[in-house]
Amino acid sequence: MGLFSKVKDLLQANIMDMVNKSEDPEKMLNLYVERAMEEVRNFQIQVNRAVADKIQLEERIQDLNKEIELRAGQATLAVQQGKDDLARTALTYKKQAEASRTDYEKQLLEQGKAVEDLQENMRVLTEKLEKAKMERNNLVMRQRRAQTMKNANEAISGLSSHDPLADIDRMKDRVERMEAEAKASRTMVSTNTIEDQFAELEKSKANAEVEDELAMLKAGLKVGLEK
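Counting from 15, one number per residue, gives the positions in the sequence shown under my numbering.
Quick look at the structure:
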């Protein structure tokens, strides 16, 4: 019937090919399923009309049965009252009603078969639509999973071109260098302090020598005075 041709083509498509296209697979899947649902609704309208026609035929047959019964009673009454012409008229109407009933019964038989066929087709189409919905949901999940994997792979690829670990290693080298410089600076401070201490010792020694020499000088002067 071609009702699900678009849906069938889509469901048979390769999901990765769809991902690589500019169109959104999920939107396209939803669009095709919605179109199929609309066509099913339109088909349901046709089925309903066929059922309504069948009911209308049944009602007409019921009306004709009532008319046939009515005309038969009228003909009997006319005969009882000796009105043959009126009885003939009633019987003529009865005959016409019977002919119409036969025609409607034939139409009803055909219409009943048509309704059964339409209802069966409707059942098949409804099952296909439900299957299409399930397949749509499955493909949407596969498409989302494929897109997620693609994004993850692209992210990993981006990290490969600029490895953050390399930056961390560089920062580690800088920190270690700063630590070495700080250690060297501390060593220099310690060295300067020792040198200063030695300088103080030398200064103390020189002062001591001056004092000794001064003492000797005083002692010599004292001896000279005593003589």
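Ideal placement from N, C-alpha and C gives every residue a C-beta, glycine not left out.
Within its chain, find whatever has a CB closer than 7 Å to the CB of residue i; leave out the 5 residues flanking it on each side and keep chain order.
{"i": "Val47", "result": "Val21, Ala146, Lys147, Arg150"}
{"i": "Val93", "result": "Ala101"}
{"i": "Thr162", "result": "none"}
{"i": "Leu143", "result": "Ala50, Met51, Val54"}
{"i": "Asp131", "result": "none"}
{"i": "Ala89", "result": "Ala101, Ala104, Leu105, Lys108"}
{"i": "Val129", "result": "Ala64, Val65, Lys68"}
Residue i to residue j, Cα distance in whole Å?
{"i": "Leu91", "j": "Gln76", "result": "23 Å"}
{"i": "Asn152", "j": "Leu43", "result": "11 Å"}
{"i": "Asp98", "j": "Glu81", "result": "19 Å"}
{"i": "Glu134", "j": "Ile69", "result": "18 Å"}
{"i": "Ile182", "j": "Ala196", "result": "21 Å"}
{"i": "Asp38", "j": "Arg137", "result": "31 Å"}
{"i": "Asp226", "j": "Lys219", "result": "10 Å"}
{"i": "Arg159", "j": "Ala169", "result": "15 Å"}
{"i": "Arg63", "j": "Arg74", "result": "16 Å"}
{"i": "Ala198", "j": "Asn221", "result": "34 Å"}
Where does the unbroken alpha helix (DSSP H) through residue i begin, and where does it stop?
{"i": "Gln88", "result": "39 to 94"}
Might you give, ordered along the chain, the residues of its own chain that have their beta carbon closer than 8 Å to the beta carbon of residue i, omitting 5 neighbours on each side?
{"i": "Asn79", "result": "Arg115"}
{"i": "Gly126", "result": "Lys68"}
Counting beta carbon pairs with one atom in the stretch 101 to 120 and one in the stretch 82 to 92, are three or more of them shorter than 8 Å?
yes
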